[in-house]
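What follows is a short report on a single structure.
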Amino acid sequence: MSRIAIIDFETTGMTPNAGDRATEVAIVIAEQGVAVDRFQSLMNAGVRVSSFITQLTGITNAMLAQAPPADAVMREAARFVGQHTPMVAHNAAFDRRFWVAELERAGVAAPQPFACTVLLSRRLYPEAPSHRLGALVDRFQLPRTGRAHRALADAEMASELLGRIQHDLRTRHGVGNPDHAFLMALQRCSRAALPAFMRAQQSRCSATSSPLP
DNA sequence: TGCCAGGCCCTCTTTAGGGCCTT
Numbered sequence: 214m215s216r217i218a219i220i221d222f223e224t225t226g227m228t229p230n231a232g233d234r235a236t237e238v239a240i241v242i243a244e245q246g247v248a249v250d251r252f253q254s255l256m257n258a259g260v261r262v263s264s265f266i267t268q269l270t271g272i273t274n275a276m277l278a279q280a281p282p283a284d285a286v287m288r289e290a291a292r293f294v295g296q297h298t299p300m301v302a303h304n305a306a307f308d309r310r311f312w313v314a315e316l317e318r319a320g321v322a323a324p325q326p327f328a329c330t331v332l333l334s335r336r337l338y339p340e341a342p343s344h345r346l347g348a349l350v351d352r353f354q355l356p357r358t359g360r361a362h363r364a365l366a367d368a369e370m371a372s373e374l375l376g377r378i379q380h381d382l383r384t385r386h387g388v389g390n391p392d393h394a395f396l397m398a399l400q401r402c403s404r405a406a407l408p409a410f411m412r413a414q415q416s417r418c419s420a421t422s423s424p425l426p
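So in this note's numbering, spot 125 of the first sequence is number 338, and the numbers just go up one at a time.
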């Protein structure tokens with residue numbers, strides 16, 4: 214396992230193409246499955262949040278009025294992650310859309326590949342009744358470090374979930390090195406093809422004499 | 001007035017529809 218950035222956005226809505234903007238971003242850096250660094254900031258994109266969003270996240274228009282400009286926050290976030298650090302998010306399609314859109318506004322490239330803990334959870338835990346982040350955190354009794362629907366607390370929970378997924382891949386499926394490239398391949402694998410995919414991975418581990426935990 | 005997305009998965013499917021997941 215190597216360096217991975219786990220990200221979570223709070224936003225004004227679901228889609229940047231419809232004018233929605235990010236209001237908060239948090240990033241946890243995990244190395245060898247352990248959180249080693251964190252970035253978190255509210256951001257002022259010059260938009261107002263609805264009462265629904267304030268009720269959901271606790272983020273108010275007064276808080277955003279005091280926040281640094283969105284483009285400055287995003288440039289700092291991009292520097293924090295680095296161009297070569299792969300990323301992970303819970304429902305990555307959502308966070309990736311805002312990562313790309315907000316960085317584009319700030320004039321920064323967003324080349325990082327995104328793996329998705331929702332897709333990975335559906336592959337590995339098909340019996341789970343819900344794949345919501347909070348439900349999975351409860352199911353695996355992972356630690357909660359703050360209020361749900363705040364960016365840093367959700368990024369921390371997603372990081373914990375990623376650690377659990379990597380742990381289960383090693384201990385239950387014999388995957389010696391569940392790195393980001395493996396996670397990307399796994400989430401693209403259909404459920405029907407999953408057993409063969411895992412067998413192939415286990416054979417590769419055995420052939421390279423990777424010790425199983 | 002009411003609604004507004006996108007990608008993935010499952011099934012009573014594949015020339016489709018509905019649910020999940022994110023704010």
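Beta carbons: idealized from backbone N, C-alpha and C, even for Gly.
Assuming residue i contacts residue j under a Cβ cut-off of 8 Å, what Cβ separation, rounded to an integer in Å, is found between them?
| i | j | result |
| --- | --- | --- |
| T225 | V249 | Incorrect: roughly 31 Å between the Cβ atoms, too far for contact. |
| E369 | T358 | 5 Å |
| G271 | R360 | 6 Å |
| G246 | Q379 | 5 Å |
Between the options, which has its C-alpha nearest residue i's C-alpha?
| i | options | result |
| --- | --- | --- |
| M256 | I242, T273 and S263 | T273 |
| H187 | T228, L269, R377 and F265 | Given that the chain is displayed from residue 214 to residue 426, the structure contains no residue 187 and the question cannot be resolved. |
| S334 | A275, A305 and L316 | A305 |
| A364 | V321, R412 and H303 | H303 |
| G232 | Q253, F252, V262 and A409 | V262 |
Starting from the C-beta of residue i, find all residues in its chain whose C-beta is less than 6 Å away, skip the five residues before and the five after it, and write them out in chain order.
| i | result |
| --- | --- |
| A218 | I240, I242, V294, T298 and M300 |
| L374 | T330 and L349 |
| T228 | none |
| F222 | A235, V238, D308 and F311 |
| S372 | I219, V241, A243 and A248 |
| A323 | W312, V313 and L316 |
| A280 | L255, M256 and N257 |
| A366 | T358, G359 and R360 |
| P282 | N257 |
| P424 | Note that P424 scores a pLDDT of 39, beneath 50, so its modelled location is shaky and nothing firm can be said. |
| P251 | According to the sequence provided, residue 251 is Arg. The question's Pro does not apply to it. Cβ neighbours of R251 beyond the five flanking positions: V241. |
Let me check one thing: in DSSP terms, what residues is residue i bridge-paired to?
| i | result |
| --- | --- |
| C329 | A302 |
| F410 | Beta-bridge pairing links F410 to no other residue. |
| A235 | T224 |
| E244 | V247 |
| A218 | I242 and M300 |
Ordered along the chain, which non-local residues of its own chain (more than five positions away) have a Cβ less than 7 Å from that of residue i?
| i | result |
| --- | --- |
| D284 | R318 and A319 |
| M397 | P326 and A328 |
| R377 | F353 and L355 |
| M276 | L255 |
| R216 | I242, E244 and T298 |
| M411 | H386 |
| L183 | Any answer about residue 183 is impossible in this case: the structure gives the chain only from 214 up to 426. |
| S422 | Annotation note: pLDDT 43 at S422 (below 50); position unreliable, coordinate value reported separately. Correct list: empty, nothing qualifies. |
Suppose the cutoff is 8 Å on Cβ atoms and the five residues either side in sequence are ignored; what does the same chain contact list for residue i look like?
| i | result |
| --- | --- |
| A336 | At residue 336 the sequence reads Arg, which differs from the Ala that was named. Result list for R336: L399, Q400, C402, R404 and L407, in chain order. |
| V321 | M287, R288 and A291 |
| A278 | N257 |
| T267 | T273 and N274 |
| G347 | A361 and M370 |
| Q296 | A322, P324 and Q325 |
| A409 | none |
Confirm the yes/no value for this check: CB of residue i, any heavy atom of the ligand GDP, distance under 7 Å.
| i | result |
| --- | --- |
| F410 | Summarising the ligand content, the structure contains no ligands, and the ligand GDP is consequently not present. |
Every unbroken alpha helix (DSSP H) inside the region 248-301 [4 residues or more]
264-270, 274-278 and 283-294
Quick check for students: name the residue ranges of the alpha helix (DSSP H) that lie wholly in the region 337-420, counting only runs of 4 or more.
If we require 4 residues or more, the alpha helix (DSSP H) runs fully inside the region 337-420 come out as 346-352, 364-386, 393-401 and 407-420.
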